[in-house]
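> Following this message is one structure expressed as structure tokens.
In the working numbering, the protein residues as written are 464 to 788.
Okay, here's the thing in structure tokens:
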């Protein structure tokens with residue numbers, strides 16, 4: 464660790480199983496990182512462990528907690544970011560109503576900002592990752608659901624309720640599948656990793672002809688990753704499943720472009736393992752459906768920061784919220 468750097472910024476990525484903690488200097492160089500398990504009883508147990516681990520990291524560098532200028536916390540769920548309160552989080556039910564920013568701030572004697580996990584990932588890509596060369600970008604997280612972050616003119620955009628962009632709940636097929644949000648035809652119900660695997664499993668159960676049948680018979684289900692792998696190997700059924708996923712994401716990007724007009728749309732999450740082939744098909748459908756009366760300039764790319772995006776984005780947001788003018 465570079466002990467010549469005195470000002471420290473902390474990024475905390477709060478997950479259902481582990482909490483990742485990163486320590487950064489003002490240039491957002493990662494000095495150290497560590498993970499601690501998430502206690503399933505009370506938030507204070509986990510957060511006290513986080514603070515103890517953090518203090519140990521700082522002391523090992525020959526510094527003190529007083530060197531911490533600000534901290535950021537990325538958390539899934541519905542948040543009141545202004546008050547620093549977790550309203551509800553499906554993977555962290557014990558945190559409901561918990562004023563996490565105040566608790567952490569009092570422990571480390573530094574200001575703390577709370578933000579949705581998709582937003583901090585987006586901010587990380589904007590500051591240090593795949594979109595650091597543009598002012599307007601959108602991050603789409605493609606995993607168990609579809610989330611996202613919208614950054615316009617260098618500012619993180621919140622909804623009227625001060626939450627993250629619910630991009631996965633943009634309706635693509637109005638008469639389509641029912642979504643957990645109670646709407647029908649949301650992009651998430653077709654194009655998330657969970658939905659892609661679900662569509663494949665439903666059709667395999669009905670007897671679809673595919674090289675995936677052996678896996679389905681043996682295990683009772685196939686994963687999204689396996690669908691993409693078999694599509695790449697030339698399986699027609701798997702290819703058709705992935706084509707609908709690409710089409711829905713392409714249509715979603717058309718909608719995003721219509722109201723945000725970003726320079727880049729950055730994709731993150733487990734589904735990016737499908738690689739350039741998926742990206743090319745998303746681009747194909749975007750170009751097919753986008754309006755033709757204007758000159759459209761947009762780049763699709765994958766995220767750079769991967770598993771560290773949460774702690775990098777949280778720390779960068781803390782720095783930019785409290786320490787940059």
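For every residue, glycine included, the Cβ atom is placed at its ideal position computed from N, Cα and C. Treat the numbers as computed from the prediction; the structure is a model and nothing was measured.
Relative to the C-alpha of residue 483, which candidate in 517, 503, 716, 522 has its C-alpha closest?
Among 517, 503, 716, 522, the Cα nearest to that of residue 483 belongs to 517.
> Are the stretch 570 to 588 and the stretch 528 to 543 touching, with three or more C-beta to C-beta distances below 8 Å?
At 8 Å Cβ cutoff, the stretches touch.
> Compare the Cα-Cα distances from residue 778 to each of 480, 492, 469 and report the closest residue.
The option with the nearest alpha carbon to residue 778 is 492.
> Only counting the same chain, and skipping five residues up and downstream in sequence, which positions put a Cβ closer than 6 Å to that of residue 653?
So the list reads 711, once near-sequence residues are dropped.
> Under a three-way DSSP split, which group does residue 727 fall into?
Three-state result, residue 727: strand.
> Tell me which residue opens and which closes the beta strand (DSSP E) that residue 819 is part of.
Outside the shown range of the chain, which is 464 to 788, sits residue 819, and nothing can be said about it.
> Which residues mark the beginning and the end of the beta strand (DSSP E) in which residue 576 is found?
First-last of the beta strand (DSSP E) with residue 576: 575 to 579.
> Buried or exposed: which applies to residue 776, given that a residue is buried once 16 or more other Cβ atoms fall within 10 Å of its Cβ?
By the 10 Å Cβ count, residue 776 comes out buried.
> Please determine, among 504, 531, 644, 648, the residue with the shortest C-alpha to C-alpha distance to residue 635.
That would be 648, whose Cα lies nearest to the Cα of residue 635.
> Could you pull out every residue in the same chain whose Cβ sits closer than 7 Å to the Cβ of residue 609, ignoring the five residues on either side in sequence?
The residues are 603, 630, 631, 650, 651, 654, 655.
> Measure the alpha-carbon distance for residue 503 versus residue 658 and round it to whole angstroms.
Taking the straight line from one Cα to the other gives about 28 Å.
> How about residue 559 and residue 514: do their beta carbons lie closer than 8 Å?
Contact flag unset, no.
> Pull up the distance between the alpha-carbon of residue 791 and that of residue 555, whole angstroms please.
The shown model of the chain, from 464 to 788, leaves out residue 791, and the question about it has no answer.
> Give me the Cα-Cα distance between residue 753 and residue 523, rounded to the nearest whole angstrom.
When rounded, the distance between both Cα atoms is 54 Å.
> Between 680, 767, 661, which lies nearest to residue 595 when the distance is taken from Cα to Cα?
Here the closest residue by C-alpha is 767.
> Which one or two residues does DSSP pair with residue 762 in a beta bridge?
In the DSSP output, where bridge partners are listed per residue, residue 762 has 727.
> Check the DSSP bridge columns for residue 543 and list the partner residues they point to.
According to DSSP, residue 543 bridges with 548.
> Can the beta-carbon of residue 501 be found closer than 8 Å to that of residue 535?
No, these two residues do not count as a Cβ contact at 8 Å.
> Compare the beta carbon distance of residue 735 and residue 601 with 8 Å and say whether it is the shorter of the two.
Going by C-beta atoms, residue 735 is not nearer than 8 Å to residue 601.
> For residue 590, does the count of other Cβ atoms within 10 angstroms reach 16, so buried, or fall short, so exposed?
The residue is buried, with at least 16 neighbouring Cβ atoms inside 10 Å.
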